[in-house]
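Participant: In this note's numbering, the protein residues as written are 320 to 777.
Right, I'll just put the structure down here and ask away after.
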Amino acid sequence: MKKKENPEKSGSVIITRQEHGISRKLMSPNALRILYRLKDNGYVAYLVGGCVRDLLLGREPKDFDVVTNATPGEVKRMFRNCRLVGRRFRLAHLHFHEELIEVATFRSQAADEPKPEIEEKRGRENRERHPQMLMNDDGMILRDNVYGTPEEDALRRDFTVNALAYDIADFSIIDFAGGIADLNAGIIRTIGDPAVRFQEDPVRMLRAVRFAAKLGFTMEEETRKALVSAAGTIVSASPPRLYEEMLKILLSGEGAKCCELLRQTGLFAALFPFFSAWLDAESEGFPHTRFGEMLTSVDSLVQQGDTVSPPLLLALLFGEYLEEKAANFRAKGAPWQQSIDAATAEFLGEVCPFVQIANRVGLALREIIAQQGRLKLIPGRRPQAFIARKDFGDIIAYCRITRGDMKDVAARLEWWLAEAAEQESLPLPKRTEETGATPLKKKRRRRRKPHGSPQSTQ
Ligand code: ATP
Ligand code: MG
């Protein structure tokens, strides 16, 4: 791939249509429609971020993001299927049948001084750049809400390979940060000083790990050093965001590789201090190997396109730890169910201050661990009700993946699956039309005898 300095945009390199292999056929038709409409209305419009990176690597992008110099209000006026979201930084969400495309206005990160007004391209209107990036005392960005130029927009992004833009005006790729060279060399490198960039947003450390593992890239040396020394600060990011990011990591199809990197860099120990210490220790002379095996199993499921629900994911990865905790409670005299409740509560108490597992996911996790015992009983108590549970598939999958290689477990699972298949072939009970729910059985009411009747006075 050849590169040319762009005389118009200082510091950027343009890769022309003839010099790169991206075809519009590989792009979302909806994203293309948006780009064309913006362009036809006189605006600058680019595809940006992960989709350009993935297209250049010959991978299928997860989503397509658009940036433009149109303001969110202008975008809204152009598209009927547009909803503006975000209170601080307004973004346009364009809704299609099965796709949502985000259209953002070029944003800047620079905010040290109040910015002068900038002339909008093509003189539509003067737009004020609001000096609204707010940092806390540790240099972490709390608010980031400044319109900017295409270059500023690229340079506020996390990694060089994530800052490439595809310009619909001439189908070229604009590289403001050296992303093409890093993409060709397979390198994850922060834009700017890595220590500063990780301080601004510690979640970027997890993103660095995810992209390195997923793309099979290496982390550039300075980026890696800065990450290792800042690893402990990861816990200053918000716990719900860390949970979302951990889900992305564990369900990326490269969870095993990611976790290896997380452990090497100290991020894992910072995020899961109790579990990490337990993993490094042994129980009764045996190392804890199930976590590693489960990461590999989850990766194969994801790679073959299976869905792994968050509760099943957590049960698979932390099940051995939870079961050991529950066994300890039982050894102290707690009954079965109580031991699972206490073990789950203890586990959530350890993890949630850093990585906030949503409440309903925690409850569902507990159910998978607790309900697996019911599979041991054949035919079992009320098998139909058990099979009808929403999480029946997850409970079966948990047993199959963790213990399915044991002969007796395999035989029992077979029985339950045959039973479930038979139940599925039975006609469903009538459902109410509007809600899809099975109507509740009406209780038979005995007619009240009128007061004063001879029988009622007995
Ligand atoms: P994928 O969607 O495949 O996980 P992506 O690179 O598209 O990867 P997104 O989370 O969809 O990641 O974000 C889109 C783009 O927004 C990124 O490519 C990057 O340019 C920018 N971005 C996302 N998160 C950050 C962040 N924390 N700091 C700076 N830039 C970010
Ligand atoms: Mg993306």
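Every residue gets a Cβ at the ideal spot worked out from N, C-alpha and C, and that includes glycine.
#1: Bridge partners for I714 per DSSP, in chain order?
#2: To the nearest angstrom, report how far apart K358 and K344 are at their CA atoms.
#3: Can you grab the Cα-Cα spacing for the pair I493 / T721, in whole Å?
#4: According to DSSP, which residues form a beta bridge with D384?
#5: Could you tell me the distance, in whole angstroms, from the CA atom of Q428 to the CA atom of D660?
#6: Between the Cα of A737 and the Cα atoms of K726, D724, Q703, which residue gives the shortest distance?
#7: Taking 7 Å as the cut-off, is the CB of N481 close to at least one heavy atom of the ligand ATP?
#8: Where do the N-terminal and C-terminal ends of the alpha helix (DSSP H) with L684 fall, by residue?
#9: Over the uninterrupted beta strand (DSSP E) stretch that includes V404, give me the two end residues.
#10: Quick test of the definition: if touching needs 3 or more C-beta pairs under 8 Å, does the stretch 686 to 695 touch the stretch 573 to 586?
#11: Please return the same chain residues whose Cβ sits closer than 6 Å to the Cβ of A549, not counting the five positions on each side in sequence.
#12: Identify the continuous alpha helix (DSSP H) that holds V528 and give its terminal residues.
#13: Roughly how many angstroms separate the alpha carbons of E540 and S628, rounded to a whole number?
#14: I492 lies in the beta strand (DSSP E); which residues open and close that run?
#15: At which residues does the alpha helix (DSSP H) containing V332 begin and terminate?
#16: Kindly give me the distance between the Cβ atoms of V386 and V367, rounded to whole angstroms, as I take these residues to be in contact under 8 Å.
#17: Is any non-hydrogen atom of the ligand ATP found closer than 7 Å to the C-beta of D472, if you look at the structure I gave you?
#18: Report yes if the CB atom of L788 is closer than 8 Å to the CB atom of V404, and no otherwise.
#19: Regarding D520 and the ligand PLP, is the C-beta to nearest heavy atom distance less than 7 Å?
#20: Quick check on this structure: which residue in D625, F495, L502 has the alpha carbon closest to the alpha carbon of G511?
#21: Compare the C-alpha of L632 against each of Q742, T509, M565 and name the closest.
#22: Could you compute how far the alpha carbon of W597 sits from the alpha carbon of F673?
#23: Using 7 Å as the cut-off, classify the Cβ of G340 as near or not near the heavy atoms of the ligand ATP, replying yes or no.
#24: Roughly how many whole angstroms lie between the Cα atoms of G467 and F425?
#25: Indicate, with yes or no, if the ligand ATP has a heavy atom lying under 7 Å from the CB of D477.
#26: Using the three-state DSSP reduction, which class does R654 fall into: helix, strand or coil?
#27: Relative to the ligand ATP, is the shortest distance from any of its heavy atoms to the C-beta of G624 smaller than 7 Å?
#28: By the three-class DSSP mapping on this structure, what secondary structure does D674 have?
#29: With distances taken between CB atoms, is the gap from I487 to M538 smaller than 8 Å?
#30: Among E418, R679, D489, which one has its Cα closest to the Cα of I334?
#31: Does the separation of the CB atoms of D501 and V515 fall below 8 Å?
#32: How is G486 classed by DSSP in three states: helix, strand or coil?
#33: Is G723 near the ligand ATP - that is, is its Cβ less than 7 Å away from at least one heavy atom of it?
#34: With 16 as the cutoff for other CB atoms within 10 Å, does A650 come out buried or exposed?
Facilitator: Straight from the coordinates:
#1: According to DSSP, which records beta bridges pairwise, I714 is partnered with nothing at all.
#2: 19 Å
#3: I493 and T721 have their C-alpha atoms some 48 Å from each other.
#4: As a beta-bridge residue in DSSP terms, D384 pairs with V367, E421.
#5: Spanning the two alpha carbons is a distance of roughly 46 Å.
#6: Q703
#7: yes
#8: 678 to 690
#9: Per DSSP, V404 belongs to the beta strand (DSSP E) from 401 to 404.
#10: Segments in contact, no.
#11: In the same chain as A549, and ignoring 5 residues on each side of it, the C-beta atoms closer than 6 Å to its own belong to F517, in chain order.
#12: 522 to 534
#13: 35 Å
#14: Note, I492: beta strand (DSSP E), 491 to 494.
#15: Unbroken run through V332 is the beta strand (DSSP E), 332 to 334; no alpha helix (DSSP H).
#16: With a Cβ gap of about 5 Å, V386 and V367 count as contacting.
#17: Relative to the ligand ATP, D472 has its C-beta separated by 7 Å or more from all heavy atoms.
#18: No answer is possible for residue 788: it lies beyond the span of the chain, which begins at 320 and ends at 777.
#19: Among the ligands in the structure shown, the ligand PLP does not appear; only the ligand ATP and the ligand MG can be found there.
#20: F495
#21: M565
#22: W597 and F673 have their C-alpha atoms spaced approximately 17 Å apart.
#23: no
#24: 5 Å
#25: yes
#26: In the sequence as presented, Arg is not what sits at residue 654; that position holds Pro. DSSP places P654 in coil when its eight states are reduced to three.
#27: no
#28: For the record, residue 674 in the displayed sequence is Val; it is not Asp. Coil at V674, not helix or strand.
#29: No; because the gap between Cβ atoms is not below 8 Å, this pair is not in contact.
#30: D489
#31: no
#32: Correcting the residue type first, residue 486 is Asp in the shown sequence and not Gly. Here D486 sits in strand by DSSP.
#33: no
#34: exposed
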